[in-house]
Structure formats: C-alpha cells, structure tokens
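S.K.: Residue numbers (this note's numbering): 13 to 413.
Ideal Cβ positions, reconstructed from N, Cα and C, are used throughout, including at glycine.
Dumping the structure here so I can ask a few things about it.
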Amino acid sequence: MVAFPATMFGSIMVILQNLPTTFGFDKVIPKGVNTFLTDFLGPVSNATMSITALFIVFGIAYQLAGHYHQQKIFAGAIALSSFIMLLPIGNDSKLGAFIPISKLGAQGMFVGIIVAIISTEIYCKISAANITIKMPSSVPPMIAESFIAIIPGAAPLLFFNIIRYAFTFTKWGNAVDFVYEILQQPLMGLGSTLPAVLIAVAATQIFWWFGIHGTLLVNSIIDPIMGALAIQNYEAYKAGATHLPHIINTTFMGVFVNQGMQLGCAIVFAFFLAKSVRMKKTMKMVFAPAIFNVSEPMTYGLPIVLNPILFVPWVLAPLVSTTISYFAIAIGLVPRPIGATVVWTTPIFLAGWLGTGSIAGAILQLVDVVVMTLIWIPFLKAMDREWVQEELKPTPDDLTE
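Set out below in structure tokens:
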C-alpha cells in the first residue's frame, strides 16, 4: 500500500498519454495533443509506475521489520541499498553511469522481493541479538539509534556485495538478469495461462465458502507474478505498443474476474424477483456496498459461507466471467489490460475503462455481470422460495391466538 497513491496517479497519467483514436475520437482530439501529453506526463509515469520494484523493496522491509519490532525506516533503507547494489550499471558518454529504469520495474520485482526479505531478516536477527554499537546515555536517542543500526545494517550490505561480485563471473553479469531469466520468466509464463488463473479463482472462491479469506490467501501467492505481468503491459502501453504482451495480469484479475457480481444480483432481486421479505431486505442491504465491490454484506448476509445451495454459483460464476473475458480479449474484441492500478472499489464500467483504456472494457464488464447474474438467479430463487415458506409458517404467537 505504500506505493498506492503514486501508482494510482501514475496509472491515470498513462491513460491520458494514450487518448483513444477509434470510434471517431481522432477527429475530436486536435493533432499533436497525444504527443504533447506524452512529453508532458511521461516523467510522471516513469517516476511512479516504472519504479514499482523500489516501492516493493522498501514496503516489504518496512513491514517485516515492524513485525520483529525493529527500526522500520533503517530496515527499509538498508534493503533499498542492498537491492540497488545488485542492479546492473550502464555507462553513457553524456549521462555517465546510470541504472536502466526497466530494472526498477517488472524485471526487478522478484529480486526486490527476495532482497527485501533476506536483508531485513539479517538486519532484525543481528539487532535482536544486541550486536550493536552502544552509545553513552548522554547521547540523544535519535543519534544513538542511528549508531545502533550500523552493524545490523552493514551485515546485509556486505552479504549482497559478495553476491553482486560473484555474479560478475557468470554469463548473466548480475543477479537481476539471472533471477529474471531462471525464475521470473518461467513463473510469469505459467501464471499468464488461463488454466492457472482458473485454478487460482476457484481456490479463492472455495476458501471463501469455507469462511477463509481466500483473496488474501491466494493473492499472497500470485500477486508477485501478476504484478510483474501488469508492469510489462504498462511499459509496452507507455511506449505506444499496439499489442501488449499479456492478457492476464493484476488489472485483469481485479477488473474482469467477478467484479459486479453482487451488484447484478442485488438489482435483480431487490427490485424485481425477490418474493420473501428477507431476500428483499438482504439484497437492498447488499446494493449500495456492491456499487463499490464490497462483497461482505452478500457473503455473510445470505450467507454464502458453508451454504450448500450457493456453492455452485459462488464458484462457477467467476470462472465463467474469467473465461469469457479471456477469450474476448484474446480474439481482439477488447484491448489487453494496460497494467494500470485500478482500485478494487472502483465502480463497474469505470474500472473496465481504466483497466483497458477503452470503452470496450466497460462493455465487457456489462456482459460479465449479465452472465454471472443469470447463473445466480436459479439458486437465489431456490433460497427465496425457502424463505417464503419460512415466513408463511405460523409463529407461536399465531398459534396461541
């Protein structure tokens, strides 16, 4: 979350750099506007979306050090230094030494995660063992804390400098290219396939049905892969590519898997199909939060957890929407997700446009919602009939009258 304000703003700037040229927009937008916006807004996206790996390194180190009750700022700074130490350094006659910005984005993400964890573990273990420089009590606390962090901070820096030096003798020349080729690319290739995503979606829904936070559990595994795929699409989109490399990425998962499912069900049953008082009240309660994709009122209001009637639509509907969305994008009806950061609470249709940079993304979301709602209708009607029968049963007060 440390990067969210920057990456969200950067995502919007990327979309503004690539205004639509289809559906007659090219006749409305003056010539030269896109070029101007690219020149003017390009540095914003470079300083936000293109340096995601730096945000990840600092964020992981900061949170992990907090878990160990150690100095979070120092741990984050040491992890950043360790990561930058492993990056390849280029040289230019005019610019001098430089770090390729591509290594600060998708290509550096996996190395960044690994470095952040190892660096912080070393830092925290040494700090916890009190292997530190002790200062007299007369020294101000702020200065004393800085000296205390010297030895714990030096250890991971020395460790990663040895790693850096060792890789200079390999064909890769640096750890970033090694991890990207050997680990990250194969995992990204696997994670970008439809079967892998369907397994992840099914697992998420099944965990939720059992009352376990499936999103948190599954996303902790797939987010590094999906994030790297999203950044690659973003970098290609920013460069003006007409064909982005991946269909599936973080944006796809957030926009097209099951967004709007609760809203569709709430509209249909709250205002049209519900017969029981309980169903009408439940769906009216679901309606407002569902506009912003908050699913808990439906998850726990029906409830879905351990409800045998609703297991099938709960698992099946997002699998169907995922499949429809994948093939709609694969055959070119909808542009590939551009890798923009779309907040999960972004209302449907707006999210589809932001995620693809095209109105076609919003239309695809509408199709997904209609299909998912149709899947849900017979199961919710079955539950509604049960509730009607319960409401028609005489109460103890009725029997005593």
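Would DSSP call F110 helix, strand or coil?
M.R.: In the structure shown, F110 sits in a strand (DSSP, three-state: E or B).
S.K.: Considering only the beta carbon of each residue, do A374 and G364 sit closer than 8 Å?
M.R.: Result yes, Cβ atoms of A374 and G364 sit closer than 8 Å.
S.K.: Grouping DSSP H, G and I as helix and E and B as strand, with all else coil, what is N261?
M.R.: Of the three classes helix, strand and coil, the one that applies to N261 here is coil, per DSSP.
S.K.: So, do the region 334-350 and the region 199-219 have three or more beta carbon pairs nearer to each other than 8 Å?
M.R.: Output reads yes: the region 199-219 touches the region 334-350.
S.K.: On the DSSP letters alone, give me the boundaries of the alpha helix (DSSP H) that G102 sits inside.
M.R.: Taken as a continuous stretch (DSSP letters only), G102 belongs to no alpha helix (DSSP H), being part of the beta strand (DSSP E) at 102-104.
S.K.: Check whether the Cβ atoms of M61 and Y246 sit closer than 8 Å, and answer yes or no.
M.R.: Against a cut-off of 8 Å, the Cβ pair of Y246 and M61 comes out as a contact.
S.K.: If you drop the 5 nearest sequence neighbours on each side, which residues of the same chain put their C-beta closer than 8 Å to that of F35?
M.R.: Only weak support is given to the placement of F35: the predicted model assigns it a pLDDT of 48, under 50, and the value that follows is read from those uncertain coordinates. Hits under 8 Å: I371.
S.K.: Among L366, F323, Y338, which residue has its Cα nearest to the Cα of I27?
M.R.: Considering only alpha carbons, the answer is L366.
S.K.: Would you mind giving the Cβ-Cβ distance between A286 and D396, rounded to the nearest angstrom? I have them listed as a contact below 8 Å.
M.R.: Yes, they are in contact, since the Cβ atoms of A286 and D396 sit about 6 Å apart, within 8 Å.
S.K.: Kindly list the residues whose CB is nearer than 8 Å to the CB of V327, restricted to its own chain and excluding five residues on each side of it in sequence; keep chain order.
M.R.: Result list for V327: A214, Q217, I218, W221, in chain order.
S.K.: Output yes or no for whether 8 Å exceeds the beta carbon distance between A300 and W388.
M.R.: Going by C-beta atoms, A300 is not nearer than 8 Å to W388.
S.K.: Could you tell me the boundaries of the alpha helix (DSSP H) in which Q119 lies?
M.R.: Counting along the chain, Q119 falls outside any alpha helix (DSSP H), and DSSP gives it neither H nor E.
S.K.: Just the C-alpha distance for T227 and S204, rounded to the nearest angstrom, thanks.
M.R.: Their backbone Cα atoms lie some 18 Å apart in a straight line.
S.K.: Closer than 8 Å is the cut-off here; do at least three beta carbon pairs connect the region 117-124 with the region 164-175?
M.R.: Judged by Cβ distances under 8 Å, the region 117-124 makes no contact with the region 164-175, as fewer than three pairs qualify.
S.K.: Go ahead and label T358 buried or exposed: buried means 16 or more other beta carbons lie within 10 angstroms of its beta carbon, across all protein chains shown.
M.R.: Buried, since its Cβ has 16 or more Cβ neighbours within 10 Å.
S.K.: Straight-line CA distance for I224 to G313?
M.R.: Distance between the alpha carbons of I224 and G313 is about 16 Å.
S.K.: Write down the C-beta distance between S57 and K293 rounded to the nearest angstrom, noting that I regard them as a contact closer than 8 Å.
M.R.: The pair is not a contact, with the Cβ atoms about 46 Å apart (cut-off 8 Å).
S.K.: Is the beta carbon of I163 sitting closer than 8 Å to the one on I138?
M.R.: Yes. Within cutoff.
S.K.: Name the residue from A248, L256, N261 whose alpha carbon lies nearest to the alpha carbon of G239.
M.R.: If we check each option's Cα against that of G239, N261 comes out closest.
S.K.: Name the two residues that bound the continuous alpha helix (DSSP H) containing Y249.
M.R.: 226-250 is the span of the alpha helix (DSSP H), which, as asked, contains Y249.
S.K.: When you compare only the Cα positions, how much space is there between L11 and S94?
M.R.: Missing from the structure shown is residue 11; the chain here goes from 13 to 413 and no further.
S.K.: Counting pairs of beta carbons, one from the region 87-106 and one from the region 140-159, are three or more of them closer than 8 Å?
M.R.: The region 87-106 vs the region 140-159: no contact.
S.K.: Output needed for M310: all residues of its chain with C-beta closer than 6 Å, excluding positions within five of it in sequence on either side, in chain order.
M.R.: Contacts found: Q274, V298.
S.K.: Give a yes or no on whether the C-beta atoms belonging to A166 and Q83 are separated by under 8 Å.
M.R.: Cβ atoms of A166 and Q83: not closer than 8 Å.
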